[in-house]
Amino acid sequence: MTDAVKPIASASGTMQIGDFVVNRLGFGSMRLTGRGIWGPPVDRDQALATLRRAPELGVNFIDTADSYGPDVAEELIGEALAGRQDVLVATKAGLRRPGPDQWMPDGRPEYLIERARGSLKKLGVERIGLWQLHRIDPRVPMQDQFAAIRQLLDEGVIANAGLSEVSISEIEVASRYFKVATVQNRYNLVDRGSEDVLDYCERNGIGFIPWFPLAAGDLARPGGVLDSLAKRHGATPGQIALAWMLKRSPVMLPIPGTSKVNHLEQNVAAARIRLSDDEFQELDRNVR
């Protein structure tokens, strides 16, 4: 792929997170780990190559978490992107990992603070550009968790703070403690349970990071609307799904993930796709 034709994430448009301007098509690192989001990747060199290729394609927002591996994704990012000032790495904490495919909320303030400081070292940065509470732990007072985040901001461990899998009311409570920079909720063409949260984020200038962005379900079946639009644009159904999300809202920041360079390049190419208003509404109607 030559520089003249390579896909550039900047075609997706930009948004601001704190002092950092990011292109609105990012990269999610969860799939860099082993099966069950546990242990090292099957092909470590390929994982590192994928991370290094991302900035070359204009991807300057990379999402990760201490629980991916655990610790594996952060360490890979720290190795692959050491010293880079042109990439905003966002990490998360608040989920323990007892084993493969197992996730356990832990929102104890001392645990969150400890894990954030650990992420700082693994990523090899002086300050974490964006740190997100992976889940609100129902066993710990919500205000205590938000106070811990306020402490991380005050101590300069993190520059900006966000939340994951939250409601509007939870965002509003958190906003009493710190400026909520981003919200990371599950959202895609077939799962729009967070539509109200997305609208709230757009009204309040909060970045919305949809996780699991490429679930298309039956829409991708041959002859379906997604398949038809993909053929019309000479694209894949996944690329059309990403293009739909980018058009849906100016605060949308999809983070499709992969462990392979060619799949990364394919995902980033979605930034160049421009759906018409009619095409956008056609997809919209066929989902609802």
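Note that the UniProt record's numbering has the sequence shown beginning at 1, numbered continuously upward.
Backbone N, C-alpha and C define an ideal beta-carbon position, used for all residues, glycine too.
Just so we're clear, the structure is a prediction, and the values are computed from it rather than from any experiment.
Worksheet item: Would Lys92 be called buried (16 or more neighbouring beta carbons within 10 Å of its own) or exposed?
Response: buried
Worksheet item: CB Gly26 to CB Val59, shorter than 8 Å?
Response: yes
Practice prompt. Identify every run of the alpha helix (DSSP H) within the region 43-85, keeping only runs that are complete inside it and at least 4 residues long; order them along the chain.
Written response: 44-56, 72-80
Worksheet entry | Reduced DSSP category for Phe280 - H, G, I as helix; E, B as strand; rest coil | helix
Discussion item. Give me, in chain order, the residues of the same chain whose beta-carbon lies closer than 7 Å to that of His233; leave out the 5 immediate sequence neighbours on both sides.
Written reply: Ile240, Ile273
Discussion item. With a threshold of 7 Å on Cβ separation, who are the neighbours of Asp144 within its own chain once the five nearest residues in sequence on each side are excluded?
Written reply: Pro109
Worksheet item: Where do the N-terminal and C-terminal ends of the alpha helix (DSSP H) with residue 321 fall, by residue?
Response: No answer is possible for residue 321: the residues shown for the chain start at 1 and end at 288.
Worksheet item: Is DSSP giving Gln102 helix, strand or coil here?
Response: coil
Item to complete: Would you decide whether Asp63 is buried or exposed? Buried here means 16 or more other CB atoms lie within 10 Å of its CB.
Response: buried
Worksheet item: Taking the alpha helix (DSSP H) that Ile240 falls in, what are its first and last residues?
Response: 237-248
Practice prompt. Measuring alpha carbon to alpha carbon, tell me which of Glu165, Gly205, Ser175, Arg203 ends up nearest Phe212.
Written response: Glu165
Worksheet item: Does Ser119 come within less than 8 Å of chain C when only Cβ atoms are used?
Response: Absence of chain C from the displayed structure is noted, only one protein chain being present.
Fill in: For Val180, the residue or residues it bridges with in DSSP
Ala161
Worksheet item: Grouping DSSP H, G and I as helix and E and B as strand, with all else coil, what is Phe146?
Response: helix
Worksheet item: When you compare each of Leu51, Ile17, Thr14, Gly107 to Lys260 by their alpha carbons, which one comes out closest?
Response: Leu51
Worksheet entry | Outcome for Pro222 when other beta-carbon atoms lying within 10 angstroms are tallied against a minimum of 16 | exposed
Worksheet item: Thr91 bridges to which residues according to DSSP?
Response: Trp131
Discussion item. Below 8 Å on the Cβ atoms is my contact criterion, and I expect Ala271 with Ser12 to pass it. Report the Cβ-Cβ distance as a whole number of Å.
Written reply: 4 Å
Item to complete: Give the straight-line distance between the Cα atoms of Ala4 and Thr236, rounded to the nearest whole angstrom.
Response: The predicted position of Ala4 is uncertain, since its pLDDT is 42 and thus under 50; a value taken from the coordinates is nonetheless stated next. About 21 Å.
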